[in-house]
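Just so you know, the sequence shown maps onto residues 4 to 190 in our numbering.
Using N, Cα and C, we set each Cβ at its ideal position, and we do this for glycine too.
As the structure is a prediction and not an experimental result, all values here were calculated from the model.
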Amino acid sequence: WQYGTPPEGNANYAWIQHMISKLAPAGTAGFVLANGSMSSNTNNEGEIRKNLIEADLVECIVTLPGQLFYSTQIPVCIWFVSKDKSKTGKRERNNEILFIDARKLGFMADRTHKEFSDLDIQQITRAVHTWRGTAEGEYEDVLGFCKAAPLDEVRNNDYILTPGRYVGLEEVEEDDEPFEEKMTRLT
């Protein structure tokens, strides 16, 4: 195990290391994991994550809303790893990780399942492709949605990859209407 011995009973970091070992020199992989994979520090997982980050293999982390899958209701995340970021885009991204918080995207397709609209998918893919330099336009961090964080910032957050730590909170419109007036108007 090049980046650390994974714990018995949880294969997340065994799978991550296995997928990385099978990548071509300029290869990229994306995979879905439980959200705990972004922050767990038990049984050497935090050390393995640190080693993956320090090796500059983690390219992007996307958190997804719950209820997207028929087999589980839990919210999950997508990890994108690349063997060599300089070969997977046109923009310099070494020592940087893109964080996308897509938990607020999507709509309830029925009472138990959520789906992304085409616009939701375009918003996510546009952030990734402009960050990589493979789409027209300049990448920009969007408060509450996406941020390209340098590895020093990730180090300062103890190698935890939860996008909410990096993207911040979206700005909320000020509501100057007094509560009593609003309640009267709405009821």
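Taking C-beta to C-beta, are lysine 93 and arginine 135 nearer than 9 Å?
As a first step, residue 93 is located in the sequence shown; it is residue number 90 there, counting from the start. As a first step, residue 135 is located in the sequence shown; it is residue number 132 there, counting from the start. Closer than 9 Å, so yes.
For leucine 172, which residues from the same chain have a beta carbon less than 6 Å from its beta carbon, with the 5 sequence-adjacent residues on both sides left out?
To locate residue 172, count along the sequence shown from 1; it is residue 169. Scanning its chain for C-beta atoms nearer than 6 Å, with the 5 sequence neighbours on each side dropped, one finds around leucine 172 the residues Gly147, in chain order.
Consult DSSP for leucine 154 and reduce its assignment to one of helix, strand or coil.
In the sequence shown, residue 154 corresponds to position 151, counting from 1. Here leucine 154 sits in helix by DSSP.
Could you pull out every residue in the same chain whose Cβ sits closer than 6 Å to the Cβ of tyrosine 6, ignoring the five residues on either side in sequence?
Locating residue 6 in the sequence shown gives position 3, where the first residue counts as 1. Around tyrosine 6: Gln20, Ile51, Asn54, Leu55.
Would you kindly work out how many angstroms separate the C-alpha atoms of isoleucine 127 and threonine 187, rounded to a whole number?
Position 124 of the sequence shown, counted from the first residue, corresponds to residue 127. Position 184 of the sequence shown, counted from the first residue, corresponds to residue 187. C-alpha separation (whole angstroms): 39 Å.
Measuring alpha carbon to alpha carbon, tell me which of Arg114, Thr91, Leu122, Ala112 ends up nearest alanine 105.
Here residue 105 corresponds to residue number 102 of the sequence shown, with the count starting at 1. Selected option, being the one with the closest Cα: Leu122.
Within the chosen definition, does the segment 9-28 reach the segment 72-92 through at least 3 CB pairs nearer than 8 Å?
yes
Is it right to say alanine 130 is buried, meaning 16 or more other beta carbons lie within 10 angstroms of its own, or is it exposed?
Within the sequence shown, the letter at position 127 stands for residue 130. Flag for alanine 130 reads buried.
Is the beta carbon of glycine 69 less than 9 Å from the beta carbon of isoleucine 77?
The residue labelled residue 69 in the question sits at position 66 within the sequence shown. The residue labelled residue 77 in the question sits at position 74 within the sequence shown. Taking 9 Å as the Cβ cut-off, glycine 69 and isoleucine 77 qualify as a contacting pair.
Closest by CA to isoleucine 163, which one among Glu11, Ser42, Gly33?
The residue labelled residue 163 in the question sits at position 160 within the sequence shown. For the residues Glu11, Ser42, Gly33, the minimum Cα distance to isoleucine 163 belongs to Ser42.
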